[in-house]
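The structure under discussion appears below in the form of structure tokens.
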Amino acid sequence: MSKGERISRFVAELVAEDVDSDQRDILKHPFYRAFFHCWNEKRYYEAHDVLEQLWLKTKSPDTDFFKGLIQAAGAFVHLQKRFEYPLHAKHSKRLSPAVRLFRLAERNLSLFAPKHHGLDVAALCRLLRTYADRIVASDYKTNPWSPETAPKLELL
20 MSKGERISRF
30 VAELVAEDVD
40 SDQRDILKHP
50 FYRAFFHCWN
60 EKRYYEAHDV
70 LEQLWLKTKS
80 PDTDFFKGLI
90 QAAGAFVHLQ
100 KRFEYPLHAK
110 HSKRLSPAVR
120 LFRLAERNLS
130 LFAPKHHGLD
140 VAALCRLLRT
150 YADRIVASDY
160 KTNPWSPETA
170 PKLELL
């Protein structure tokens with residue numbers, strides 16, 4: 020079974036709500052919906068994976084939008100790993116790559132502000148900037164993420 024098939028099966032198990040079966044309406048696309056479901060459960064790696072499947076098949080102006088969301092999820096993967104394994108040789112060095120991904124995500128997403136596909140993009144960009152700025156202000160020593168304060172993303 021390919022990665023795409025595994026992810027499609029995973030998404031089908033997650034998204035049992037009103038989805039667009041012909042997948043033309045991005046807001047109702049099962050992979051788009053699954054991204055937010057995973058994000059809000061702090062499953063950033065899975066969020067990245069499901070949206071990547073949509074991004075890879077997209078030949079539309081939304082390419083950079085999806086890329087920005089994937090980068091944002093990737094940045095939170097770094098923070099989550101750093102939180103879980105702060106003394107690990109590899110995971111303890113994840114703050115710098117997180118900042119880099121926060122900045123890339125903000126740059127890609129800002130093109131779609133203030134709102135796009137049911138998401139308050141401007142608010143998400145502010146969130147990404149805040150996380151990056153807090154890490155930089157701590158001289159890359161403090162991880163601002165914790166499971167208790169993990170941000171949620173809601174569709175409008």
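The numbering used here puts the sequence shown at residues 20 to 175.
For glycine and all other residues, C-beta sits at the position ideal for the given N, C-alpha and C.
Everything numeric in this text was worked out from a predicted model, so none of it was measured.
- Counting of Cβ neighbours within 10 angstroms places Ala108 among the exposed residues, the total staying below 16.
- By the Cβ rule, the region 101-115 does not count as touching the region 76-89, because fewer than three pairs are nearer than 8 Å.
- Residues Leu120, Leu123, Ala124 of the same chain have their beta carbon placed closer than 6 Å to that of Gln90, with the five preceding and five following residues left out of the count.
- Taking C-alpha positions only, Glu65 is separated from Phe54 by approximately 8 Å.
- Looking at Arg126, Thr168, Leu114, Leu174, the one whose alpha-carbon comes closest to that of Lys160 is Leu114.
- In the structure shown, Asp152 falls within a helical segment according to DSSP collapsed to helix, strand and coil.
- Nearest to Tyr51 by alpha-carbon distance, out of Glu60, His136, Tyr104, is His136.
- Here the C-alpha atom of Lys112 lies approximately 12 Å from the C-alpha atom of Gln99.
- The beta carbon of Ala94 sits closer than 6 Å to the beta carbons of Ala117, Leu120, Phe121 from its chain, once the five residues preceding and following it are set aside; these are given in chain order.
- Asn59 is a Cβ neighbour of Lys171, given a cutoff of 8 Å.
- In this model, Leu146 and Asp44 are separated by some 26 Å (Cα to Cα).
- Secondary structure of Leu138 (DSSP, three-state): strand.
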